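Here is the structure we will look at.
Residue numbers (the UniProt record's numbering): 1 to 380.
This is the structure:
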């Protein structure tokens with residue numbers, strides 16, 4: 001795995017996770033800071049390889065994150081003889097009870113597998129919620145709490161405990177209070193909002209007059225930039241399809257991923273991007289959380305992230321931008337802003353996190369080139 005020394009969050013949390021009495025942990029740390037390593041080591045350390053029953057669960061909000069976490073766990077568990085792993089996501093079907101010790105999956109498929117008695121909770125020693133703020137938000141909250149109650153009930157009968165590990169780059173105040181209330185006796189590590197900004201990533205605002213100008217700016221960036229891989233975030237599935245068609249029509253090889261795609265198709269698209277077959281990915285926010293590809297040097301926010309209410313999606317912005325600049329690598333984020341509404345939304349986000357944004361003139365190749373040079377991404 002090429003580890004030389006622990007990151008700050010690893011040095012701080014690994015003793016809490018690994019040393020008895022294995023207390024619960026609620027921790028917040030920047031994207032790309034090594035959180036995954038912490039909880040993977042926690043799961044591996046608690047597994048009894050001689051017991052062929054599920055003993056650790058890692059629950060993730062998206063299929064892509066679950067697959068990525070399984071890959072990391074398998075690599076880190078190479079020398080854990082007798083320990084096996086299983087993916088519990090849509091498209092993975094098990095005809096009988098799952099006997100692997102570490103299960104990694106999504107809430108819906110986990111819940112269905114527990115309900116159909118494919119997963120035995122009697123021996124669960126560790127539960128991890130990756131992207132915990134999402135797992136405890138209203139969409140997944142009922143499942144998460146019901147699961148924890150069921151596991152605790154089974155462990156208490158044996159006078160045993162189950163370690164709960166919650167990691168995320170962001171926690172809203174509401175979710176933070178809820179987590180602290182529902183996960184008792186937990187070590188807690190939280191960051192102030194102003195400490196969440198990612199200083200190593202150059203971030204720009206590009207005001208544009210029309211929707212068509214957004215695609216034009218992206219094309220110029222591609223022509224002038226010496227880019228690794230790029231993720232372009234859009235707000236809707238329809239926007240993803242239209243932008244894909246526009247860029248492909250101009251000869252730019254790209255692919256796109258949205259939540260309504262079939263599991264096998266999503267897997268194929270992700271595999272091609274990870275392997276570098278495609279260098280540009282257009283995505284809705286299905287890919288904003290936890291998806292790590294080392295060679296991503298550029299994030300483009302084609303649309304400012306918003307909630308369904310129209311309010312700024314503060315945490316989503318950090319997660320999107322955090323897809324680049326992993327572990328101190330260079331990176332840049334361009335925010336394409338159309339009209340007053342998007343400008344106000346972006347300004348609210350940058351004010352909350354104290355993010356310095358440089359404005360770039362959308363139709364000036366010189367200005368775009370200068371911004372790429374400042375980020376270390378110029379091809380000229």
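In this text, a Cβ means the ideal position worked out from N, Cα and C, and glycines have one as well. Remember, it's a predicted structure, so these values are computed and weren't measured experimentally.
Helix, strand or coil for residue i? Go by DSSP, reduced to three states.
{"i": "residue 317", "result": "helix"}
{"i": "residue 65", "result": "helix"}
{"i": "residue 91", "result": "coil"}
{"i": "residue 85", "result": "strand"}
{"i": "residue 370", "result": "helix"}
{"i": "residue 157", "result": "helix"}
{"i": "residue 386", "result": "Any answer about residue 386 is impossible in this case: the structure gives the chain only from 1 up to 380."}
{"i": "residue 96", "result": "coil"}
{"i": "residue 272", "result": "helix"}
{"i": "residue 164", "result": "strand"}
{"i": "residue 60", "result": "coil"}
{"i": "residue 358", "result": "strand"}
{"i": "residue 136", "result": "coil"}
{"i": "residue 120", "result": "coil"}
{"i": "residue 337", "result": "strand"}
Applying the criterion that 16 or more other CB atoms from any shown protein chain within 10 Å of the CB defines a buried residue, is residue i buried or exposed?
{"i": "residue 89", "result": "buried"}
{"i": "residue 251", "result": "exposed"}
{"i": "residue 117", "result": "exposed"}
{"i": "residue 209", "result": "exposed"}
{"i": "residue 361", "result": "exposed"}
{"i": "residue 35", "result": "buried"}
{"i": "residue 109", "result": "buried"}
{"i": "residue 145", "result": "exposed"}
{"i": "residue 32", "result": "buried"}
{"i": "residue 382", "result": "Outside the displayed range of the chain (1 to 380) lies residue 382, so it cannot be described from this structure."}
{"i": "residue 289", "result": "buried"}
Could you tell me which residues DSSP puts in a beta bridge with residue i?
{"i": "residue 332", "result": "202, 298"}
{"i": "residue 312", "result": "306"}
{"i": "residue 256", "result": "282"}
{"i": "residue 232", "result": "282, 300"}
{"i": "residue 129", "result": "59, 166"}
Note down the Cα distance separating residue i from residue j, rounded to an integer number of angstroms.
{"i": "residue 382", "j": "residue 93", "result": "There is no way to answer for residue 382, as the model of the chain reaches only from 1 to 380."}
{"i": "residue 375", "j": "residue 260", "result": "34 Å"}
{"i": "residue 286", "j": "residue 19", "result": "35 Å"}
{"i": "residue 329", "j": "residue 337", "result": "26 Å"}
{"i": "residue 315", "j": "residue 106", "result": "20 Å"}
{"i": "residue 192", "j": "residue 325", "result": "20 Å"}
{"i": "residue 245", "j": "residue 283", "result": "13 Å"}
{"i": "residue 22", "j": "residue 43", "result": "11 Å"}
{"i": "residue 173", "j": "residue 190", "result": "11 Å"}
{"i": "residue 111", "j": "residue 151", "result": "13 Å"}
{"i": "residue 119", "j": "residue 62", "result": "19 Å"}
{"i": "residue 16", "j": "residue 77", "result": "20 Å"}
{"i": "residue 121", "j": "residue 185", "result": "22 Å"}
{"i": "residue 305", "j": "residue 216", "result": "20 Å"}
{"i": "residue 344", "j": "residue 214", "result": "18 Å"}
{"i": "residue 317", "j": "residue 262", "result": "26 Å"}
Is the Cβ of residue i closer than 8 Å to any Cβ of chain C?
{"i": "residue 228", "result": "Of the protein chains in the structure, only one exists, and it is not chain C."}
| Given 8 Å as the limit, is there contact between the region 57–72 and the region 80–97, that is, 3 or more CB pairs closer than that? | yes
| message | So, does the region 160–180 touch the region 121–140, judging by three or more C-beta pairs under 8 Å? | response | yes
| message | Across the region 256–275 and the region 300–308, are there enough close Cβ pairs to call them in contact, namely three or more that are closer than 8 Å? | response | no
| task | May I ask you to verify whether the region 341–356 touches the region 227–244, counting CB pairs closer than 8 Å and requiring at least 3? | result | no
| query | Can you find at least 3 beta carbon pairs, one from the region 41–57 and one from the region 94–101, that sit closer than 8 Å? | reply | yes
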